[in-house]
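Okay, so here's the structure we're looking at.
Shown next, in the form of structure tokens:
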């Protein structure tokens with residue numbers, strides 16, 4: 001796998017305050033069977049007046065960049081990098097920054113990072129499986145009998161389509177972050193703000209400390225796919241399509257979930273159609289087409305053209321335009337590690353990885369979203385996941401006792417067939433070999449640290465996220481004896497067309513604290529260690545706030561580099577500095593999310609010698625899901641994380657480190 005310069009892992013974060021803050025949307029009760037809710041404030045009411053993503057001052061970006069480099073470089077390396085920064089800031093960087101600001105002023109409808117970020121994803125030629133697509137798993141339905149595969153698949157399908165209808169009708173509650181919900185998350189505020197013109201509505205919310213978030217990505221949730229093209233892929237959306245795509249045992253099925261009038265097909269009919277698919281005893285196809293979506297994008301683009309030439313264009317259109325892809329697996333999930341492997345990559349036969357998302361439901365009802373990342377970030381996906389979980393568990397369309405409708409599913413459900421020539425069969429076989437080979441090298445492991453979580457850490461005036469990140473730094477130092485480039489994604493959805501910014505958790509503070517804990521604990525008193533942890537927490541909070549407000553350095557430097565490339569300008573020396581390559585070789589790639597609907601989430605390492613770390617600090621425990629390739633050991637790393645957390649909690653409790 002090719003090392004990625006910058007790779008987005010975008011679980012949502014609060015836009016302007018501490019880590020893990022959840023958005024509380026404007027609510028106004030539920031709607032009818034067709035809708036999840038009927039918001040009195042239109043869904044996109046705030047979109048036009050959202051503030052624009054700021055471009056940081058170049059001098060601030062240079063200072064932040066050097067601060068992030070300090071713990072990674074020795075004195076000689078740092079001096080060289082410092083000189084590169086001075087030359088860049090006073091020379092070509094100054095000119096590029098000026099051009100970027102001018103370009104941004106000409107494109108006030110979007111953000112300076114939007115187009116470069118789309119390009120970064122869509123021009124990447126590596127397979128999107130493991131390199132880009134993450135997964136997020138739902139918690140089980142609290143009512144165990146509702147975890148029957150057919151029951152849960154029916155209920156989640158209905159809830160997903162209700163979300164679609166609610167969104168498109170403008171009845172979905174706007175995504176808003178409330179700093180003072182007692183003032184802003186009220187019926188009075190909603191009744192007032194809906195009459196404020198869209199061009200001014202954000203300012204009205206701001207007056208009561210409410211921060212609406214960008215929702216421009218939401219339309220790509222449905223009827224969308226990433227099409228492979230030579231050199232640059234294409235995102236397509238066809239909102240006219242009314243069918244869902246179902247994959248089972250490598251076979252493809254479609255049936256309508258919306259009727260000709262746009263109403264949701266009855267739950268009992270959808271249940272009948274899914275039961276019909278589950279009863280299909282056909283053996284798995286000899287050449288499962290889904291493997292092609294795991295290929296290098298140029299290879300897949302060429303093979304797709306062959307598919308079209310063989311007369312499969314209309315069939316592919318049904319796949320691409322489907323509302324979403326529902327994957328029904330024929331096996332139960334056996335633990336969290338098996339869950340992660342199944343939902344992150346599976347066996348390659350029963351996913352269409354190009355779809356905006358695959359809703360996967362295993363034999364035992366375990367469910368997850370596997371999503372393509374180019375179209376959007378975690379804010380939209382998590383909102384969809386939360387709403388589907390809430391609706392399908394609190395207002396399920398069917399119960400396990402309900403019988404499917406007496407309908408002719410053999411007429412309503414179309415099983416798709418593809419014409420394959422020898423070249424396509426060879427392409428599928430080759431894709432399978434490559435997929436199997438890389439998947440075999442991936443290790444995933446998981447821990448649950450039970451001594452405490454958010455509630456306890458906040459009482460100690462420590463940022464829960466900073467404690468988790470400090471544990472990762474301590475663990476890597478213990479295991480490998482060094483501090484390395486670390487990436488934590490942070491949403492910039494507080495701005496129009498914001499994507500993400502990078503928090504750089506490895507700092508001079510975490511390095512000093514990690515070395516004190518790991519290498520010389522006896523040389524420091526408990527009070528001194530506590531003080532170091534407090535400094536780490538304070539600085540991490542500052543980095544988080546800066547990133548959420550668009551004041552990191554990564555996206556700014558990325559945009560300047562992108563601009564130089566589009567202008568045909570020679571790559572500035574700053575980007576040729578080995579230190580720049582090193583800080584963007586993210587050995588520790590981390591992302592966090594927390595939601596009552598989420599069981600676990602995860603992704604693969606973004607570089608061959610790295611770790612992919614999905615984690616969540618819950619109220620009373622900390623969960624950590626880690627992936628690695630040969631050369632790194634996820635299990636040993638997690639043992640070191642566990643040791644680090646034990647030491648941190650001992651010190652918080654006033655105990656010496658054992």
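Numbering (the UniProt record's numbering), first residue to last: 1 to 658.
No residue lacks a Cβ here, since even glycine has one placed at the ideal position from N, Cα and C.
Values in this document were obtained by computation on a predicted structure and should not be read as measured data.
Q: Could you check if residue 134 is buried or exposed, using at least 16 other CB atoms within 10 Å of its CB as the buried criterion?
A: Numbered from 1 along the chain shown, position 134 holds the residue referred to as residue 134. Counting every other CB atom within 10 Å of its CB across the protein chains shown gives residue 134 a total of 16 or more, marking it as buried.
Q: Please name the residue in 201, 448, 573 and 436 whose C-alpha comes closest to that of residue 635.
A: On the chain shown, position 635 is the one that residue 635 refers to. For residue 635, the nearest C-alpha among the options comes from 448.
Q. I think residue 587 touches residue 485, with their Cβ atoms under 8 Å apart; what is that distance to the nearest whole Å?
A. As a working note, residue 587 is residue 587 in the chain shown. As a working note, residue 485 is residue 485 in the chain shown. About 6 Å; that satisfies the 8 Å criterion.
Q | Per-residue DSSP class, three states only, for residue 391 | A | Counting from one through the chain shown, the residue named residue 391 turns up at place 391. Note: residue 391 maps to helix in three-state DSSP.
Q. Whose C-beta lies closer than 7 Å to the C-beta of residue 383 among residues of the same chain, with five residues either side of it excluded?
A. The residue given as residue 383 occupies position 383 in the chain shown. Counting only Cβ-Cβ distances below 7 Å, and skipping sequence neighbours, we find 175.
(Q) On the DSSP letters alone, give me the boundaries of the alpha helix (DSSP H) that residue 590 sits inside. (A) To locate residue 590, count along the chain shown from 1; it is residue 590. Residue 590 -> not in any alpha helix (DSSP H); beta strand (DSSP E) instead, spanning 588-592.
Q.
Using the three-state DSSP reduction, which class does residue 370 fall into: helix, strand or coil?
A. In the chain shown, residue 370 corresponds to position 370, counting from 1. In the structure shown, residue 370 sits in a strand (DSSP, three-state: E or B).
Q) Which residues share a DSSP beta bridge with residue 49? A) Stepping through the chain shown from its first residue, residue 49 is reached at position 49. As computed with DSSP, residue 49 is found in no beta bridge at all.
Q: State yes or no: is the C-beta of residue 270 within less than 8 Å of the C-beta of residue 158?
A: In the chain shown, the residue the question calls residue 270 occupies position 270. In the chain shown, the residue the question calls residue 158 occupies position 158. In this structure, residue 158 lies closer than 8 Å to residue 270 by Cβ.
Q. Under the three-state reduction of DSSP, which class applies to residue 438: helix, strand or coil?
A. In the chain shown, the residue the question calls residue 438 occupies position 438. Of the three classes helix, strand and coil, the one that applies to residue 438 here is helix, per DSSP.
(Q) Based on DSSP bridge pairs, tell me the residues matched to residue 575. (A) Stepping through the chain shown from its first residue, residue 575 is reached at position 575. BP columns for residue 575 are empty, so no partner.
(Q) For a quick check, are the C-beta atoms of residue 284 and residue 331 less than 8 Å apart? (A) Within the chain shown, residue 284 is the residue found at index 284, counting from 1. Within the chain shown, residue 331 is the residue found at index 331, counting from 1. Cβ distance not < 8 Å, so residue 284 and residue 331 don't count as in contact.
Q. Is residue 342 near residue 625, with beta carbons less than 8 Å apart?
A. Sequence index remark: in the chain shown, residue 342 carries index 342 (1-based). Sequence index remark: in the chain shown, residue 625 carries index 625 (1-based). In this structure, residue 625 does not lie closer than 8 Å to residue 342 by Cβ.
Q. Can you give the beta carbon distance from residue 139 to residue 620, rounded, assuming they're within the 8 Å contact cut?
A. Mapped onto the chain shown, residue 139 falls at position 139. Mapped onto the chain shown, residue 620 falls at position 620. Not really, about 16 Å apart at Cβ, beyond 8 Å.
Q: Report the option in 520, 562, 172 and 74 whose CA atom is closest to the CA atom of residue 43.
A: The residue given as residue 43 occupies position 43 in the chain shown. Out of 520, 562, 172 and 74, the CA that lies nearest to the CA of residue 43 is found in 172.
Q | Whole-Å CB distance - residue 242 paired with residue 258, under 8 Å assumed | A | As a working note, residue 242 is residue 242 in the chain shown. As a working note, residue 258 is residue 258 in the chain shown. That pair is a contact at about 4 Å.
Q. Which word fits residue 562, buried or exposed, when buried means at least 16 other C-beta atoms lie within 10 angstroms of its C-beta?
A. For the purposes of this step, residue 562 is taken as residue 562 along the chain shown, with counting starting at 1. Its Cβ being crowded by 16 or more others within 10 Å, residue 562 is buried.
Q) How long is the line joining the alpha carbons of residue 479 and residue 471, rounded to whole angstroms? A) Residue numbering aside, residue 479 sits at position 479 when the chain shown is read from its first letter. Residue numbering aside, residue 471 sits at position 471 when the chain shown is read from its first letter. The straight-line gap separating the alpha-carbon atoms of residue 479 and residue 471 is approximately 12 Å.
(Q) I need the straight-line Cα distance from residue 299 to residue 293, nearest angstrom please. (A) Here residue 299 refers to the residue found at position 299 when the chain shown is read from its first residue. Here residue 293 refers to the residue found at position 293 when the chain shown is read from its first residue. Approximately 10 Å between the Cα atoms of the pair.
(Q) Between the region 122-129 and the region 342-356, can you find at least three pairs of beta-carbon atoms closer than 8 Å? (A) Inter-segment contact for the region 342-356 and the region 122-129 is present: three or more beta-carbon pairs are separated by less than 8 Å.
Q) For residue 490, which residues does DSSP report across the bridge? A) Residue 490 sits at position 490 when you count from the first residue of the chain shown. The partner list for residue 490 (beta bridge, DSSP) reads 501.
Q: Return the chain-ordered list of same chain residues with a C-beta closer than 7 Å to the C-beta of residue 386, the five sequence neighbours on each side being excluded.
A: Sequence index remark: in the chain shown, residue 386 carries index 386 (1-based). Contacts found: 595 and 597.
Q) residue 202: which of 280, 52 and 99 sits nearest, CA to CA? A) As a working mapping, residue 202 is identified with position 202 in the chain shown. Residue nearest to residue 202 within the set 280, 52 and 99 is 52 (criterion: CA-CA distance).
Q: Taking all protein chains shown into account, decide if residue 514 is buried (16 or more other Cβ within 10 angstroms of its Cβ) or exposed.
A: Mapped onto the chain shown, residue 514 falls at position 514. So residue 514 ends up on the buried side.
Q. Start and end of the beta strand (DSSP E) containing residue 60?
A. Against the chain shown, residue 60 aligns to sequence position 60. First-last for residue 60: 58-69, but that is the alpha helix (DSSP H), not the beta strand (DSSP E).
Q: Within the same chain, show all residues whose beta-carbon is closer than 7 Å to that of residue 125, passing over the 5 residues directly before and after it, in chain order.
A: Taking the first residue of the chain shown as position 1, residue 125 is located at position 125. The residues are 296, 297 and 298.
(Q) Counting C-beta neighbours from all protein chains within 10 Å, is the total for residue 101 16 or more, i.e. buried, or is it exposed? (A) Here residue 101 is taken as the residue at index 101 of the chain shown, counted from 1. Around the CB of residue 101, fewer than 16 other CB atoms lie within 10 Å, so the residue is classed as exposed.
Q: Within the same chain, show all residues whose beta-carbon is closer than 8 Å to that of residue 290, passing over the 5 residues directly before and after it, in chain order.
A: As a first step, residue 290 must be located in the chain shown, where it is residue number 290. Result list for residue 290: 247, 250, 348, 349, 350, 351, 352 and 353, in chain order.
Q: Just tell me which of 652, 119, 520 and 181 has its CA closest to the CA of residue 461.
A: Indexing the chain shown from 1 puts residue 461 at position 461. Nearest C-alpha to residue 461: 652.
Q. Nearest to residue 111 by CA position, among 71, 58 and 550, is which residue?
A. Here residue 111 is taken as the residue at index 111 of the chain shown, counted from 1. It is 550.
Q) Roughly how far, in whole angstroms, is the beta-carbon of residue 335 from the beta-carbon of residue 152, given that I think they are within contact range, below 8 Å? A) For this step, residue 335 is matched to residue 335 along the chain shown. For this step, residue 152 is matched to residue 152 along the chain shown. About 19 Å; that fails the 8 Å criterion.
Q: Along the alpha helix (DSSP H) that carries residue 307, what are the first and last residues, could you check?
A: Counting from 1 along the chain shown, the entry for residue 307 is found at position 307. It spans 297-307 - the alpha helix (DSSP H) in which residue 307 sits, taken as one unbroken run.
Q.
Going by beta-carbon coordinates alone, are residue 639 and residue 72 separated by less than 8 Å?
A. Mapped onto the chain shown, residue 639 falls at position 639. Mapped onto the chain shown, residue 72 falls at position 72. Their beta carbons are not under 8 Å apart, which means residue 639 does not touch residue 72 by this criterion.
Q: Could you spell out where the alpha helix (DSSP H) holding residue 337 opens and where it closes?
A: Position 337 of the chain shown, counted from the start, is the residue given in the question as residue 337. In the DSSP annotation of this structure, the continuous segment of the alpha helix (DSSP H) that includes residue 337 starts and ends at 336-344.
Q) From residue 520 to residue 392, what does the alpha carbon distance come to, in whole angstroms? A) Taking the first residue of the chain shown as position 1, residue 520 is located at position 520. Taking the first residue of the chain shown as position 1, residue 392 is located at position 392. One C-alpha to the other measures close to 52 Å.
Q) By DSSP, does residue 150 sit in helix, in strand, or in coil? A) Translated into positions along the chain shown, residue 150 becomes position 150. The answer is helix: DSSP assigns residue 150 an H, G or I state.
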